[in-house]
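Presented below is the structure to which this report refers.
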Amino acid sequence: MFEWTRMTLFAFRPTQMNFVAHWYAGHKYRYRFMRDKRFHPSFQAAHDARNRFSKRRHFKTNRWNYTQAYKDMP
């Protein structure tokens, strides 16, 4: 009879589960979350939609301009 050992169970497991079919999300699970961020309500088109792909790049970028322009405002 066939005996299920740890090695045979390991051999018959499917390939690593973080590798998903490429047509689904793109090659790994993390690409699915990259895709789902596209439909996240916080990242929808708005006045700050330019920050969608690189928020940290635009973070605190215009502070000098704003402090100069609105210096007289509370």
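Quick note on numbering: the UniProt record's numbering labels position 2 of the sequence shown as 2, and the sequence is numbered without any gaps.
Just so it is clear, CB atoms sit at the ideal spot from N, CA and C, and this is done for glycine as well.
* To do: Report yes if the C-beta distance between R52 and F43 is below 9 Å; otherwise report no.
  => yes
* Asked: Do you know offhand how far F2's Cα is from R50's?
  -> 60 Å
* **Three-way DSSP call (helix, strand, coil) for S42 in this model** => helix
* To do: Just tell me which of M34, Q68, A11 and R30 has its CA closest to the CA of S54.
  => Residue M34 is the option with its Cα nearest to S54.
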